[in-house]
Amino acid sequence: VRRTVENAFGIAARVFRVLRKPIMLKPNNADRVIFAITCLHNYLLTKKNTRSLYTPFGSLDHETSDSQILPGTWREEGMPTSSLLSLNRNGPKNFNATAKYVRKEFMNYFVSVDGELPWQYNRCLLNQEMIPLSLA
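Heads up, my numbering is the position in the sequence shown plus 17, with the first residue counted as 1.
Written as structure tokens, this is what we have:
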């Protein structure tokens, strides 16, 4: 069990950098970040085309036929921190107002009748009470 937990957290921390240090948020907001990461982590593992990018061969600790434990590459220093694509910044550097507006529009859409999916709250929040994150 311990190795499974270490593998899951190690892989998640390699991709989601916020897990590499103390989360400097109010506990309620930190919970939301962890729920989101857990949801994304599980989603990336359930899809065949993303699983191989998220957990490439050899990235997880594993046991050989003679019961020797081989450490996964997620434990190595200098490993690429993410399989996700980096986005280059194009356009003006002062984009806070626009970014905030776009985030709010997406948020409103994904929790609206038109944009929500029937399973999204149960899947992402693990059947917990929905408390929408306000970006205002």
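No residue lacks a Cβ here, since even glycine has one placed at the ideal position from N, Cα and C. Please read these numbers as outputs of a predicted model, since none were measured by experiment.
Nearest neighbour of residue i, chosen from the options [CA to CA]
i, options, result
"residue 19", "31, 93, 78, 121", "78"
"residue 69", "28, 123, 125", "28"
"residue 34", "81, 125, 126, 51", "51"
"residue 24", "115, 62, 126, 132", "62"
Close Cβ partners of residue i (< 8 Å) along its chain, the five nearest in sequence each way excluded
i, result
"residue 90", "73, 75, 76, 96"
"residue 88", "78"
One or two residues paired with residue i in a DSSP bridge
i, result
"residue 79", "87"
Alpha helix (DSSP H) segment containing residue i, residue limits
i, result
"residue 115", "113-127"
"residue 23", "19-32"
"residue 52", "44-63"
6 Å CB neighbourhood of residue i in its chain, flanking five on each side removed
i, result
"residue 40", "47"
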